[in-house]
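Beneath this line is the structure, given in structure tokens, with notes to follow.
Residue numbers (UniProt numbering): 1 to 86.
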């Protein structure tokens, strides 16, 4: 991505329980990032799929991510849509 940040992955382990999450900038208003320093990366610009000219239909992006995760981790992907808009 030319050195720009397009995604984040978070992992937490507490009391023998693991929590994890993924954030992908699909088509956000990149101006919203101007007041923060994501992940402490001061010199790293933020980008998105839309800014790179890629497909930004959330249903298609969601399906592609699920398929990739299922293939990578050899099993079904369960999604908790607590924070997802789609």
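Glycine included, C-beta positions come from ideal geometry on N, C-alpha and C. A quick note: this is a predicted structure, and the numbers were derived from the prediction, not measured.
Could you give the residue range of the alpha helix (DSSP H) that holds residue i?
{"i": "residue 61", "result": "58 to 73"}
Provide the residue span of the beta strand (DSSP E) that contains residue i, from first to last.
{"i": "residue 7", "result": "7 to 14"}
{"i": "residue 23", "result": "17 to 24"}
So the candidates are the options; which of them puts its Cα closest to the Cα of residue i?
{"i": "residue 10", "options": "39, 57, 47", "result": "39"}
{"i": "residue 41", "options": "7, 63, 15, 79", "result": "7"}
Does the Cβ-Cβ distance between residue i and residue j come in under 8 Å?
{"i": "residue 46", "j": "residue 5", "result": "yes"}
{"i": "residue 74", "j": "residue 50", "result": "no"}
Among the residues of its own chain, which have a CB less than 8 Å from the CB of residue i, if the five just before and after it don't count?
{"i": "residue 69", "result": "77"}
{"i": "residue 64", "result": "none"}
Please classify residue i as buried or exposed, where buried requires at least 16 other C-beta atoms within 10 Å of its C-beta.
{"i": "residue 48", "result": "buried"}
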